[in-house]
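Q:
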Amino acid sequence: MKQVAGSISHRMKQNKMFYISVAPFLILFCMFSLFPIVASFFLGFTKWNGVGVPEFVGIDNYTQLFNDPVFIKSIYNTIYIWFFSTILTLGLAFILAYLVNHYIHRAKGFFRVVFLFPLLVAPALTAIMISVIFSTNAGIVNSFISLFTDGVFSYEWLRSQFWIKPLIVLIIIWRWTGYHFILYIAGLQTIPSELYDAAKIDGANVIQTIKNITLPLMAPILLVSVITATVGGIQVFDEPYVLTQGTGGVNNSGISMGMYLYQTGFEYFNFGLAAAQSYVLFMLILLVTLVNARFLRNRT
Amino acid sequence: MEKIASKYISYLFVIMLMSLFIFPLIWMFILSTNSKTDIYSFPPPLLPGAELLTNFENLLAQIPFFMNLWNSVYVATSNALLILFVCSFAAYGFARFTNAPGNRAIFLLVIASIMVPPLAGIIPWFMEMKWLGWIDTHWPLIIPTAAYPFGVFWMYQYIKQAVPDELYEACKIDGASDFRIYIQMVIPLIRPGLGALAILSFLNSWQNFQLPLIILNTTEKFTIPLALTNLTTQSGTDVAGIMLGTSISVLPIFIAFILASRHFIEGLTSGSVKS
């Protein structure tokens, strides 16, 4: 039977190779990404320890979570870590990119490479390094402060309920500034210099030029950079886990949502509750990303 | 005058910041050459010591370091190779067969999933691994992550830019099959793009901590980040050993990075700058 040219089945047959080429990806993707995320949604309404049949409990997991002070704390900590690390990393990266692009003519390539070095160390290993630098008795930070105090300064940074979050933020800044710096350098180079010349003739100062020329033209890159930082920042796990040696810190002062999810799922085997937690995390990322996208779009 | 002043202030600021950024790395190397007691003395050592070999012996006494290093090499390499094939093959399909029913819809799904956090599905994912009998094996670190949506997006952009549509027609007229076109024409043209993706996937896999932590139980099967962090929880933390292990594990990556930094930086930037 002859098929009508242009009918869907005809076009599918003509493009058989398309389905073959995307098949390996789609099969793996559906099995290991799509299915788990959909299944997680349903698992969030059940009580299950991984053996036997999950028991349906409705929204009990969610009510339990929002009455759990540790969970509330983990949300607070995660937002704290995400917010400060994003603002500081992106701000620092922008200042750095602007200076290197406009004022530094020698060794540009060298600076681009050096600031990427931290990206090469695994976050878990970076966390070990920071915990050595800030350790109580042998830490270089305490030793340095000791130079200015009477006697030996031996502050317990890693046991401090206040400082544990800034330390996590510090690791993220150290690791990611170079990455965003590279993105911004590339973005700055696409802005034609005539625009800056025109601004100069109009008598605009540096702040005005950045606000009216640089930032609007960089908006798409800023969006990519904010979204990357958000999706990564809200899932933060390695840094708090290693820094607190898996405990979450004194009084859970350093626990992140990702870490609490790990504890619930893989230490207490409360799979239904952990799945519900993972969906709160998912929703939070979705919410923040949508707000970011809208905010950055409105500005341009 | 003002311009020169701002130039010098910029240099000063950038160099100061750079020193802060590389200090931890340098100190890591320094600590790995000092003895345990020197590290805990006051003030801590700021110059290289002579205990490199002793530290190395101590490290080897505590963990099967070479085994862990090998696990990381083999897991990260296989994962990266698999990503290169799966992602570039899919991207070839998306880029070339634009008329195929479903092309746009599936591509949108891929793009959207770049923003979906993997943690959201971690519990069912773990149960799948259990069901497949993959707990305490390296398979979960190699196979599932091969479907890397960013990799598809990245290769798609690269193919669109590096392979003009007319080339497909020319090959087709010469009688080449679609698969041969992919292997013999597309792959050579997108080699730089593949290189950047290879570095990125290798790094991701090499640095992964959470999945190995969930999946692996046997010390002999640990990858490097897991093996070294595990040392901190044991009694009497061996800081020198951990720093030495970390140094050894990042050294090859540093060398590779410095050699390939141009490709790497192009890879990082062109993906997001063009989108």
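Going down the list, the protein sequences come from chains A and B.
Its first residue numbered 12, the first sequence is counted upward by one per residue in our numbering.
Its first residue numbered 472, the second sequence is counted upward by one per residue in our numbering.
Every residue gets a Cβ at the ideal spot worked out from N, C-alpha and C, and that includes glycine.
Just so we're clear, the structure is a prediction, and the values are computed from it rather than from any experiment.
(1) Below 9 Å on C-beta distance, what does W498(B) contact in chain A?
(2) Less than 8 Å between the C-beta atoms of L194(A) and I141(A), yes or no?
(3) Does the beta carbon of A210(A) sit closer than 8 Å to a beta carbon anywhere in chain B?
(4) What does I238(A) touch in chain B if you count any residue whose Cβ is under 8 Å from its own?
(5) Sorry if obvious, but does the Cβ on F560(B) come closer than 7 Å to a heavy atom of the ligand SAM?
(6) Against F282(A), what residues of chain B qualify as contacts under a CB-to-CB distance less than 7 Å, listed in chain order?
(7) So with CB distances below 7 Å, who are the chain A contacts of L488(B)?
(8) Using a threshold of 8 Å, state whether the C-beta atoms of Q200(A) and S264(A) are closer than that.
(9) Apart from the five residues on each side of it in sequence, which residues of its chain come closer than 6 Å, Cβ to Cβ, to S706(B)?
(10) Rounded to a whole number of angstroms, what is the C-alpha to C-alpha distance between N574(B) and Y639(B)?
(11) Could you tell me whether the Cβ atoms of K539(B) and T694(B) are closer together than 8 Å?
(12) Tell me, please, whether the CB atom of E599(B) is closer than 8 Å to any CB atom in chain A?
(13) Going along chain A in order, which residues have a C-beta closer than 7 Å to the C-beta of V485(B)?
(14) So that I know if they touch, is there some Cβ in chain B lying closer than 8 Å to that of D249(A)?
(15) Report the residue from R308(A), F56(A) and V143(A) whose alpha carbon sits nearest the alpha carbon of I232(A).
(16) Taking a Cβ distance cut-off of 7 Å, strictly less, list which residues of the stretch 147-178 of chain A are near chain B, in chain order.
(17) Of all Cβ atoms in chain A, is any one closer than 8 Å to the Cβ of N505(B)?
(18) Beta carbons nearer than 8 Å to chain B: which residues of the stretch 55-87 of chain A have them?
(19) Is the CB-CB distance between T241(A) and T300(A) below 8 Å?
(20) Given a limit of 8 Å on CB to CB distance, which residues of the stretch 537-571 of chain B reach chain A?
(21) DSSP state of E167(A), grouped into three classes?
(22) Taking Cβ-Cβ distances below 7 Å as the criterion, which residues of the stretch 646-663 of chain B are in contact with chain A?
(23) Residues of chain B with a CB under 7 Å from the CB of P129(A): which are they?
(24) Could you give the DSSP three-state label for T57(A): helix, strand or coil?
(25) Considering only the beta carbon of each residue, do A133(A) and F680(B) sit closer than 8 Å?
(26) From F280(A) to L524(B), what does the alpha carbon distance come to, in whole angstroms?
(27) Between the stretch 601-612 of chain B and the stretch 62-75 of chain A, do at least 3 Cβ pairs fall closer than 8 Å?
(28) Going by DSSP in three states, E522(B) sits in which element: helix, strand or coil?
(29) Using a Cβ-Cβ cutoff of less than 8 Å, which residues in the same chain neighbour N148(A) once the five nearest sequence positions on both sides are dropped?
(30) Mapping the DSSP letters down to three states, classify F67(A) as helix, strand or coil.
(31) Let me see if you follow: with CB-CB separation under 8 Å, is A230(A) close to chain B or not?
(32) With a threshold of 6 Å on Cβ separation, who are the neighbours of N216(A) within its own chain once the five nearest residues in sequence on each side are excluded?
(33) Using only the alpha-carbon positions, how far apart do F52(A) and I83(A) sit?
(34) Return helix, strand or coil for S706(B), following the three-state DSSP convention.
(35) Using a threshold of 8 Å, state whether the C-beta atoms of A571(B) and N26(A) are closer than that.
A: On the basis of the supplied data:
(1) M140, V143, I144 and I151
(2) no
(3) no
(4) M586
(5) Among the components modelled here there is no ligand, and therefore nothing to report on the ligand SAM.
(6) I594
(7) L107
(8) no
(9) Its pLDDT being 47, under 50, S706(B) is placed unreliably by the model, and the measurement read from it follows with that caveat. Within the same chain, S706(B) has no close Cβ partners at all.
(10) 18 Å
(11) Note that residue 539(B) is Asn in the sequence shown, not Lys. Yes.
(12) yes
(13) L107, L110, V111, I115 and F122
(14) yes
(15) R308(A)
(16) N148, A149, I151, S154 and V163
(17) no
(18) G61
(19) yes
(20) F556, V557, C558, F560, A561, Y563, G564, F565, R567, F568, N570 and A571
(21) coil
(22) D649
(23) F492
(24) strand
(25) yes
(26) 43 Å
(27) no
(28) coil
(29) S165
(30) strand
(31) no
(32) none
(33) 20 Å
(34) Model confidence at S706(B) stands at a pLDDT of 47, short of 50, so the residue's coordinates are unreliable; what they give is reported in the following sentence. Reduced to three states, the DSSP call for S706(B) is coil.
(35) yes
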